[in-house]
Amino acid sequence: EFHTCIAHCSKNQVVETLIPVINTAVYTFANLTHRLLIKETLETHRAITDAILGRDSMGAKCAMMMHLTYNRQTIMKLLKEREKEGEYIRQI
Numbered sequence: 784e785f786h787t788c789i790a791h792c793s794k795n796q797v798v799e800t801l802i803p804v805i806n807t808a809v810y811t812f813a814n815l816t817h818r819l820l821i822k823e824t825l826e827t828h829r830a831i832t833d834a835i836l837g838r839d840s841m842g843a844k845c846a847m848m849m850h851l852t853y854n855r856q857t858i859m860k861l862l863k864e865r866e867k868e869g870e871y872i873r874q875i
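With our numbering, letter number 23 in the sequence shown gets 806, and the count goes up by one each step, no holes.
Here it is, written out as structure tokens:
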């Protein structure tokens, strides 16, 4: 709902069209990470919302970058862990 609301408020038809893709990605990410970023997600979503309400485009951009950075770091960490597990299994 958060992403859909922002897309709708943006009045950008491209972003609104991408909502199903974004929602699928969010669902997939949450399942892959076992929802490890609940606290960070709430904090960054709140920061994005506050910036939008304050008409602070740079603040919204920075909050979004932080949100994406947390997500990227988590995915990279999980990939490295899986790679190590795969190496361990191959050694056995």
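Here a beta-carbon is modelled for each residue, glycine too, at the ideal position from N, C-alpha and C. Just so it is clear, the structure is predicted and the values come from calculations on it, not from any experiment.
Output the distance between the C-alpha atoms of residue i and residue j, rounded to the nearest integer angstrom.
i: Leu815; j: Glu868; result: 16 Å
i: Thr811; j: Arg838; result: 31 Å
i: Val798; j: Glu784; result: 14 Å
i: Leu836; j: Asn795; result: 18 Å
i: Asn806; j: Lys863; result: 25 Å
i: Ile802; j: Glu866; result: 31 Å
i: Ile858; j: Val804; result: 18 Å
i: Asn854; j: Leu819; result: 10 Å
i: Gly842; j: Lys860; result: 27 Å
i: Thr824; j: Cys792; result: 20 Å
i: Met849; j: Ile821; result: 14 Å
Could you give the DSSP three-state label for residue i: helix, strand or coil?
i: His817; result: coil
i: Asn854; result: helix
i: Glu866; result: helix
i: Arg838; result: coil
i: Lys844; result: helix
i: Lys822; result: helix
i: Lys794; result: coil
i: Glu799; result: helix
Cβ atoms of residue j and residue i: under 8 Å apart, would you say?
i: Ala830; j: Ala846; result: yes
i: His828; j: Val809; result: no
Leaving out five residues on either side along the sequence, give the residues of the same chain with a beta carbon under 8 Å from the beta carbon of residue i.
i: Ala790; result: Val798, Glu799, Leu801, Ile802, Ile805
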